[in-house]
Amino acid sequence: MDKISSQIPSIIAIDGPAASGKSTIGLRLANRLGYLFFDTGLMYRAITWLALARGIDIHDEAALSKLAEETQIDVAPASQSDGRVCDVLVDGQDITWETRTRRVDENVSLVAAYAGVRRALSQQQQRIGRRGNIVMVGRDIGTVVLPEADLKIYLDATAEERARRRHDEIIARGGRPDYAEILQRVIERDRIDSTRDVAPLKAAEDAVVLDSDQLSEDQVFERVLALIK
Ligand code: CDP
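The sequence shown runs contiguously to residue 1250 in our numbering.
Rendered as structure tokens:
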């Protein structure tokens, strides 16, 4: 492991659109620094999964907000080596892979647009994030959740490149994805995420924007490390 000088940022926010590589880079960075890695998208996915599992109408904003307020979501270090980055627990139940299903993918941006859902989840994220020594990834970390972050990165890439990455990820997990369908979902999720009224997806004014289209994962990681050093 490289030695990194003492003046390293304590709160690091990484935002960006769907499948832009935030989680991969964020996790590598957190491991390198010995920081906590927190993927906030998992919380929105967990609430979406729970609503679908309980048969709650996904269009019922009040019911979804209540669910987000009442549900205990835990994101813990991976307990199994089955390709997971961390465990996602809802009221104690392991739903790590359920958060990645197509139904969750199709509905999560709708749920994440509800003000009450965002309020409940952002509060939990702030409580954890403000302790520092953390790499937190999402859509609104640098703009709303932790505007005081010491370093803000906005990771971007074209929708086609991001869909290709998500496609390859699913193949690596043994799935048989359809590229055109993934691309369509990525574009639709971006549209909802960036046009919603509350905490829309956008780069914070003081964020460093990294376009990863022409870069390998290692190259992106090197650039992020350079920002920290
Ligand atoms: O991993 P991927 O980029 O596909 O998405 P994610 O980070 O798991 O987030 C799933 C969805 O949750 C996003 O499309 C957003 O609608 C929502 N989200 C959000 O609104 N705010 C965040 N801080 C994180 C995720």
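Quick reminder that beta carbons are idealized off the backbone N, C-alpha and C, glycines included.
On a predicted model such as this, the values are computed, not experimentally measured, just so you know.
I need the straight-line Cα distance from residue i to residue j, nearest angstrom please.
i, j, result
"Met-1022", "Arg-1049", "Its pLDDT being 44, under 50, Met-1022 is placed unreliably in this model, and the value from its coordinates should be taken loosely. Going from the Cα of Met-1022 to the Cα of Arg-1049 covers about 12 Å."
"Glu-1190", "Ser-1044", "12 Å"
"Ile-1116", "Leu-1231", "32 Å"
"Gly-1113", "Leu-1085", "19 Å"
"Arg-1186", "Val-1245", "19 Å"
"Glu-1182", "Asp-1234", "7 Å"
"Pro-1038", "Asp-1239", "19 Å"
"Arg-1140", "Lys-1087", "11 Å"
"Arg-1160", "Ile-1213", "12 Å"
"Trp-1118", "Leu-1204", "21 Å"
"Ile-1029", "Cys-1107", "24 Å"
"Leu-1071", "Ala-1247", "40 Å"
"Ala-1228", "Lys-1173", "5 Å"
"Ala-1015", "Thr-1069", "The structure shown does not extend to residue 1015, since the chain is modelled only from 1022 to 1250, so the question has no answer here."
"Pro-1198", "Ala-1220", "31 Å"
Around the Cβ of residue i, are there at least 16 other Cβ atoms within 10 angstroms (buried) or fewer (exposed)?
i, result
"Pro-1098", "exposed"
"Ile-1192", "exposed"
"Gly-1055", "exposed"
"Asp-1211", "buried"
"His-1188", "buried"
"Ser-1130", "buried"
"Thr-1216", "exposed"
"Asn-1128", "buried"
"Gly-1076", "exposed"
At which residues does the alpha helix (DSSP H) containing residue i begin and terminate?
i, result
"Ala-1252", "This structure cannot settle anything about residue 1252, because the visible part of the chain is limited to 1022 through 1250."
"Asp-1214", "1200–1216"
"Ala-1089", "1082–1091"
"Leu-1231", "Careful: Leu-1231 lies outside any alpha helix (DSSP H), inside the beta strand (DSSP E) at 1229–1232."
"Val-1132", "1123–1133"
Can you give the beta carbon distance from residue i to residue j, rounded, assuming they're within the 8 Å contact cut?
i, j, result
"Val-1207", "Ala-1040", "6 Å"
"Ser-1237", "Gly-1153", "That belief does not hold up - the Cβ atoms of Ser-1237 and Gly-1153 are roughly 30 Å apart, past 8 Å."
Which two residues bound the contiguous beta strand (DSSP E) that contains residue i?
i, result
"Ile-1174", "1172–1177"
"Leu-1057", "1057–1060"
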